[in-house]
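K.L.:
Numbering (the UniProt record's numbering), first residue to last: 1 to 200.
From the three backbone atoms N, C-alpha and C, an ideal C-beta is built for every residue, glycine too.
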């Protein structure tokens, strides 16, 4: 009779493990809440990808609701979503800023030159459309790491005060836009407009 509890312990541990694995199997990793949601953009001072003499800081994204799109030419899904993002820019006036990093560029050892990166970006945007107001070049990927980026594409919806209101992992397509990101974006634009009119 005293040995019964020793038999039960492995069964309980096994049951807990099964429940944990079962939840992981059916959970959507894109639905995980971001550590940066509700916070300001982390500090950065990064160059414009095409005009490196220009630099951007978080303050440059204030005043307008923005979708910050983490992307790269090496990202196949980025190419797939680019025509739809371009549609959003052209047809719905959505303000999209790129946060670009290159897997093959080593800033210390010069594996790939900046000129070559710029040419690859120009070629890709010419082929699939250019949804970006501008592209911030995350040279050392520090800002991507600070944002908790795990890959590309990833998107951050930032309100007019520079606060991150949503982090979306994966592409933006018509379904994702209409059911998830679009309603928030439009609500934030309306809120920013109302605040601006109220302050005048």
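For residue 165, report the span of its beta strand (DSSP E) as first-last.
P.N.:
Indexing the chain shown from 1 puts residue 165 at position 165. Note, residue 165: beta strand (DSSP E), 164 to 169.
K.L.:
Take residue 40 and list the residues in its own chain whose beta-carbon comes closer than 7 Å to its own, dropping the five residues that flank it on each side.
P.N.:
Along the chain shown, one-based indexing puts residue 40 at 40. Excluding sequence neighbours, residue 40 sits near 58, 162, 163.
K.L.:
Which runs of the beta strand (DSSP E) spanning at least 3 residues fall entirely within the UniProt domain "Thioredoxin" (35 to 194), listed in chain order?
P.N.:
66 to 71, 96 to 100, 135 to 137, 154 to 158, 164 to 169
K.L.:
Just to confirm my understanding: we take residue 97, look at its own chain, exclude 5 residues before and 5 after, and list those with CB closer than 8 Å. What are they?
P.N.:
Here residue 97 refers to the residue found at position 97 of the chain shown. Counting only Cβ-Cβ distances below 8 Å, and skipping sequence neighbours, we find 61, 66, 67, 68, 69, 132, 133, 134, 135, 136.
K.L.:
Of the choices 196, 80, 50, whose alpha-carbon is the least far from that of residue 139?
P.N.:
As a first step, residue 139 is located in the chain shown; it is residue number 139 there, counting from the start. The residue with the shortest Cα to Cα distance from residue 139 is 50.
K.L.:
To the nearest angstrom, how far is it from the Cα of residue 148 to the Cα of residue 141?
P.N.:
Numbered from its first residue, the chain shown carries residue 148 at position 148. Numbered from its first residue, the chain shown carries residue 141 at position 141. The alpha-carbon atoms of residue 148 and residue 141 are separated by roughly 11 Å.
K.L.:
Compute the beta-carbon to beta-carbon distance between residue 81 and residue 171, rounded to the nearest angstrom, for a pair I have assumed lies under 8 Å.
P.N.:
Sequence index remark: in the chain shown, residue 81 carries index 81 (1-based). Sequence index remark: in the chain shown, residue 171 carries index 171 (1-based). With 8 Å as the limit, residue 81 and residue 171 qualify as a contact, their Cβ atoms being about 4 Å apart.
K.L.:
Using the Cβ count rule (16 or more neighbours within 10 Å means buried), how would you classify residue 102?
P.N.:
Counted from its first residue, the chain shown places residue 102 at position 102. Its Cβ being crowded by 16 or more others within 10 Å, residue 102 is buried.
K.L.:
Applying the 10 Å Cβ sphere with the 16-neighbour rule, what's the burial state of residue 94?
P.N.:
Along the chain shown, read from residue 1 onward, the residue named residue 94 stands at position 94. By the 10 Å Cβ count, residue 94 comes out buried.
K.L.:
Give the single residue among 78, 194, 152 whose Cα lies nearest to the Cα of residue 130.
P.N.:
The count along the chain shown starts at 1 and reaches residue 130 at position 130. When only C-alpha atoms are compared, the closest one is 78.
K.L.:
Determine the direct distance from the alpha carbon of residue 184 to that of residue 175, and round the result to whole angstroms.
P.N.:
For the purposes of this step, residue 175 is taken as the residue at position 175 of the chain shown. For the purposes of this step, residue 184 is taken as the residue at position 184 of the chain shown. Rounded to the nearest angstrom, the two C-alpha atoms are 14 Å apart.
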